[in-house]
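The listed protein sequences derive, respectively, from chains A and B.
Each number in the working numbering comes from the position in the first sequence (counting from 1) with 9 added on.
Each number in the working numbering comes from the position in the second sequence (counting from 1) with 1 added on.
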Amino acid sequence: MGNLSSLDLKTWGGEARLRALLEDLAEHYKGVYMQMLPQRPLALVVWFEKLIDRPEQNLLALFSGKLRDEITITPRQSLRWKTGVEGPPYVEVHASSVEHFGEVLRNQPAHLSRYRDRAEVLYFDKKLLTDEIVQFFNLVTAPSGLIRAWYIEPEVYDRSARGELNLRSRMQGRPEIGIVKTEESADFSHAKGLPQIEVNQRWVPLSPGALGSYTWYNDWQARRPGYLLVEGGSLYQIVKFEVKTAPEYPTRFQLLAKLPDDRYPEIYLRAVLPTESAAA
Amino acid sequence: MTDTLKSICEQCSQLRAPQLDFVPAEAVRHGEIIRRDLNELVIAASTELQRSVVLLAGSLLEAVLFSFLSGQESYIAAIRGAAFVFDPDMSLQNYKEIFNRFFGRAIPGSELPDLIVEYRDTVHINRELALPEDICNRASRDLLRILDKLLADLAGFAAPAIE
Chain A
10 MGNLSSLDLK
20 TWGGEARLRA
30 LLEDLAEHYK
40 GVYMQMLPQR
50 PLALVVWFEK
60 LIDRPEQNLL
70 ALFSGKLRDE
80 ITITPRQSLR
90 WKTGVEGPPY
100 VEVHASSVEH
110 FGEVLRNQPA
120 HLSRYRDRAE
130 VLYFDKKLLT
140 DEIVQFFNLV
150 TAPSGLIRAW
160 YIEPEVYDRS
170 ARGELNLRSR
180 MQGRPEIGIV
190 KTEESADFSH
200 AKGLPQIEVN
210 QRWVPLSPGA
220 LGSYTWYNDW
230 QARRPGYLLV
240 EGGSLYQIVK
250 FEVKTAPEYP
260 TRFQLLAKLP
270 DDRYPEIYLR
280 AVLPTESAAA
Chain B
2 MTDTLKSICE
12 QCSQLRAPQL
22 DFVPAEAVRH
32 GEIIRRDLNE
42 LVIAASTELQ
52 RSVVLLAGSL
62 LEAVLFSFLS
72 GQESYIAAIR
82 GAAFVFDPDM
92 SLQNYKEIFN
102 RFFGRAIPGS
112 ELPDLIVEYR
122 DTVHINRELA
132 LPEDICNRAS
142 RDLLRILDKL
152 LADLAGFAAP
162 AIE
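Take a look at the structure:
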């Protein structure tokens with residue numbers, strides 16, 4: 010019970026309420042800009058210089074598209090705007106474009122340091138952000154070793170081996186699966202790894218119970234193992250799946266989420282050599 | 002050969018006999034719409050109509066999340082620590098984000114992949130043109146299974162009491 014008694018519920022509750030109010034404002038911006046100015050969708054919202062005891066909070070909002078080349082600071086507004094109440098807590102919004110913010114970041118990064126001070130990212134759309142901004146706010150959307158891949162059904166592989174289609178055309182669109190390798194043979198011919206899926210723009214480990222939703226797993230279960238075409242063009246055949254209890258995996262492989270029961274499916278892969286696919 | 006849509010459908014018990022207890026009692030029409038579309042989905046799958054399956058399954062994912070989330074305002078408000086008002090004018094993208102955020106942990110393994118929005122968005126020709134030629138083949142299979150799992154997850158879900 011020591012943990013419970015030391016929990017500062019008042020602070021936690023205050024922070025949760027403030028975050029919810031700020032998120033509501035972000036939702037409003039999202040709606041306003043997506044509907045009225047579709048060419049300027051909201052790209053990022055950061056709650057910075059976070060001090061929950063203060064009556065005034067700070068929000069940075071970056072929009073895609075062309076805006077004035079400055080960071081505009083709006084007059085403070087009540088966070089209870091939805092209910093028509095004009096009282097604390099207040100928020101001051103610093104708004105700019107991704108383009109302008111990125112330019113300042115390249116040329117005068119020191120001017121932006123306050124936006125990283127006690128900062129929490131409340132919303133982002135990584136398609137609209139530059140790599141520099143993603144790094145500046147330490148927006149981690151994938152484990153460092155993640156390899157993105159597209160599934161190739163056995164019959165599609167056969168067609169490509171016959172020269173009827175180019176497998177690279179399958180790379181259009183969002184990757185269907187991510188792999189974080191846990192082991193690889195010395196000659197790189199075999200590997201195993203943790204399947205990941207993209208959930209709310211972050212690659213997280215897939216639980217054993219969710220495997221059944223995906224064609225690549227069902228095809229393997231039906232003894233029709235397919236292939237994974239990974240970024241860069243290498244091809245792997247799916248050999249098997251196993252579920253392992255491994256509480257150390259999230260830390261060891263820097264996964265972005267921990268599965269509740271520490272059971273992680275592992276996918277076993279065999280590298281398909283270019284000569285092999287040509288001869289098939 | 003990859004599984005046929007018909008055989009996938011036969012394995013998906015929730016598509017054929019859905020338990021819609023998660024639909025709020027007062028939302029009778031929501032339930033009727035979901036049942037109607039599920040019936041049509043099963044017919045489309047039985048006749049291997051990939052495109053129809055993609056469109057119907059995408060629409061059903063939205064209908065199911067819409068109906069479920071609209072009945073969970075108090076639960077979400079308790080988790081957030083502040084009021085939550087369901088916005089019926091949002092999109093599948095938004096409903097998916099809300100669902101993953103507030104129910105992804107409460108219902109282990111239920112998180113919905115971002116891929117479903119890309120699949121559903123093939124309703125627009127420009128989106129489909131940007132994807133591989135046989136996108137409907139893949140999308141129809143994945144969407145059937147994902148929808149079935151979502152229905153199963155929601156059928157077994159009772160919001161935990163929050164003090």
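Glycine is no exception: its CB is placed at the ideal position from the N, C-alpha and C atoms.
Handout entry: Beta carbon of aspartate 22 of chain B nearer than 8 Å to that of alanine 156 of chain B
Key = yes
Exercise for the section: On a CA-only basis, which of B:Glu41, B:Ile108, B:Leu93, B:Arg142 is nearest arginine 121 of chain B? Give me that one, please. Expected result: B:Leu93
Problem - CB contact flag (phenylalanine 57 of chain A, arginine 123 of chain A, <8 Å) - result: yes
Problem - C-beta neighbour in chain B for aspartate 228 of chain A, strict 8 Å - result: yes
Practice task
My understanding is that methionine 104 of chain A touches glycine 110 of chain B, with C-beta atoms under 8 Å, so please give their C-beta distance in whole angstroms.
Solution key: The question names methionine, but residue 104 of chain A in the sequence shown is alanine. About 39 Å; that fails the 8 Å criterion.
Problem - As assigned by DSSP and simplified to three states, the class of isoleucine 161 of chain A - result: strand
Problem - Spatial distance of glutamine 144 of chain A from phenylalanine 197 of chain A (CA atoms) - result: 31 Å
Exercise for the section: Give a yes or no on whether the minimum CB-CB distance between asparagine 101 of chain B and chain A is below 8 Å. Expected result: yes
Problem - 3 or more residues per run - each beta strand (DSSP E) lying fully within the segment 178–207 of chain A - result: 186–193
Practice task
Count the other CB atoms, across all protein chains shown, that sit within 10 Å of the CB of glycine 242 of chain A; report buried if there are 16 or more and exposed otherwise.
Solution key: exposed
Practice task
Identify the contact partners of tyrosine 223 of chain A in chain B, using a Cβ-Cβ distance below 8 Å as the criterion.
Solution key: Asp143, Arg146
Exercise for the section: With valine 239 of chain A as the anchor, note down where its alpha helix (DSSP H) starts and where it stops. Expected result: Premise fails: valine 239 of chain A lies in the beta strand (DSSP E), 236–239, not in any alpha helix (DSSP H).
Problem - In DSSP terms, what glutamate 275 of chain A is bridged to - result: A:Glu251
Exercise for the section: Could you tell me whether the Cβ of lysine 7 of chain B comes closer than 8 Å to any Cβ of chain A? Expected result: no
Problem - Outcome for lysine 201 of chain A when other beta-carbon atoms lying within 10 angstroms are tallied against a minimum of 16 - result: buried
Problem - Within chain B, partners of alanine 128 of chain A - CB distance below 7 Å - result: Simply none; closest approach about 20 Å.
Exercise for the section: Please list, in chain order, all residues of the same chain as glutamate 49 of chain B whose beta carbon is under 8 Å from its beta carbon, the five residues on each side excluded. Expected result: Thr5, Leu6, Lys7
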